[in-house]
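Below: one structure, written as structure tokens.
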Amino acid sequence: MGFSEIAVAAVLFSTILLIGISLGAAYFNYLDEVDEAKKVNNEILYSKLNTCLVILNATYYTSNSTLVLIFENEGDTVLNLDLVNIFLDGILVGNVTDFTYSVNDRSDTKLAFQGDLVNVIIPYERVPSRVMIVSDSGVKTISSVSAQ
Amino acid sequence: MGFDTSATKSIFFIASVIVAVVLSGVFTGVTYKLSSDIDMRGTMLSDVLKSDIEIINDPENVPYNSTTNELIIYVKNTGKSILSTSDLTIIIDGFVVPEGNFSIEILGEYTAWSPGIVIKITIIESLSSGDHKIKVVLDNGVYDEMYFRI
Chain Y
8 MGFSEIAVAA VLFSTILLIG ISLGAAYFNY LDEVDEAKKV NNEILYSKLN
58 TCLVILNATY YTSNSTLVLI FENEGDTVLN LDLVNIFLDG ILVGNVTDFT
108 YSVNDRSDTK LAFQGDLVNV IIPYERVPSR VMIVSDSGVK TISSVSAQ
Chain D
890 MGFDTSATKS IFFIASVIVA VVLSGVFTGV TYKLSSDIDM RGTMLSDVLK
940 SDIEIINDPE NVPYNSTTNE LIIYVKNTGK SILSTSDLTI IIDGFVVPEG
990 NFSIEILGEY TAWSPGIVIK ITIIESLSSG DHKIKVVLDN GVYDEMYFRI
């Protein structure tokens, strides 16, 4: 083999090596990124599937124009009450923490764990017929409102 | 070995090295492009997997003003990434709502559509009474749809 063939072979070999390393690194980065994203996606699905809110009582008191809403976190995810939305007759009136609320008679927390009872007092001008709460993961629970 | 032979060999040597270097350059360029495309594809896929939205209206009680044709839709970011509100596509009953016919407001004292945050979309669209379908599509193709009744 002459000197020119050796030089050409060296250049081509280095290039092929560089290509292999570059493509390999890009492929493994891709796999890592997709794996991490799949874990996040699973967390999103898990959170939706394991969220369960049950409205135990929704009573509107005409005497003081307030709705008293009591619901329970029956799922095994922790509810962030800052992100739980309340709808009255289809209108978003606010989040739980926008109103007077308590979790198991405590008002110093914004989290509701499994089995916790959340009590919310919502001032509202007219008698609503339907209340809907939406969890931070987007799970909806609907109930009719009784008036007293 | 005469002068002619040496000169010929030198020319062949230089020519072959130039060809090899040019080929290497081309291959390296193609590989660089391919690597960045793989990276971009990974980022796009990751973005799709981390994004999720939910139309959270009460389907039986969607706010609609038949005088002003204003329909109000609430969409919650239920994913794990901050979403852009600038490239939303809204489709009602299979027809895309023109950009000038809807406005978006991030609810609460927030400036970005972060996870858990709700946006309010006010759409000007004439709708007949009965059942309708709305679809909200993000710029990365993630969407949610809901049937509702007016």
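For the record, the sequence lines run as chains Y and D.
For the first sequence, the positions run 8 to 155 when this note's numbering is used.
For the second sequence, the positions run 890 to 1039 when this note's numbering is used.
We put the beta carbon where it would ideally sit given N, CA and C, even for glycine.
Task: Y/V125 vs Y/T116 beta-carbon contact at 8 Å - done: no
Open item on the list: Taking a contact to mean a Cβ-Cβ separation below 8 Å, would you say D/I993 touches D/I981 in this structure?
Closed with: no
Open item on the list: Checking 8 Å against the spacing of the C-beta atoms, do Y/V100 and Y/E81 come in under that value?
Closed with: no
Open item on the list: Against chain D, with Cβ distances strictly below 8 Å, would Y/L19 count as a contact?
Closed with: yes
Task: Partners in chain Y for D/L1027, counting only beta-carbon separations shorter than 7 Å - done: In chain order: nothing, as chain Y lies at least about 14 Å away.
Open item on the list: Between Y/V41 and chain D, is the shortest Cβ-Cβ distance under 8 Å, so that the two count as touching?
Closed with: yes
Task: Spatially closest choice to D/P1004 from D/N990, D/S970, D/D928 and D/I1010, by CA coordinates - done: D/S970
Task: Straight-line gap, D/T967 to Y/K46 (C-alpha atoms, nearest Å) - done: 15 Å
Open item on the list: Contact between the stretch 926-936 of chain D and the stretch 39-57 of chain Y is defined here as three or more beta-carbon pairs at a separation below 8 Å; is this criterion met?
Closed with: yes
Task: Bridge partner(s) assigned by DSSP for Y/V138 - done: Y/L95 and Y/S150
- [ ] Taking D/A1001 as part of the beta strand (DSSP E), name the residues at either end of that continuous run.
- [x] Run containing D/A1001: none; DSSP gives neither H nor E here.
Task: Closest residue to D/G1019 among D/T917, D/V906 and D/N950 (Cα-Cα distance) - done: D/N950
- [ ] Check D/S968 in the structure and name its three-state DSSP category.
- [x] Here residue 968 of chain D is Gly; the residue named in the question, Ser, does not match the sequence. DSSP places D/G968 in coil when its eight states are reduced to three.
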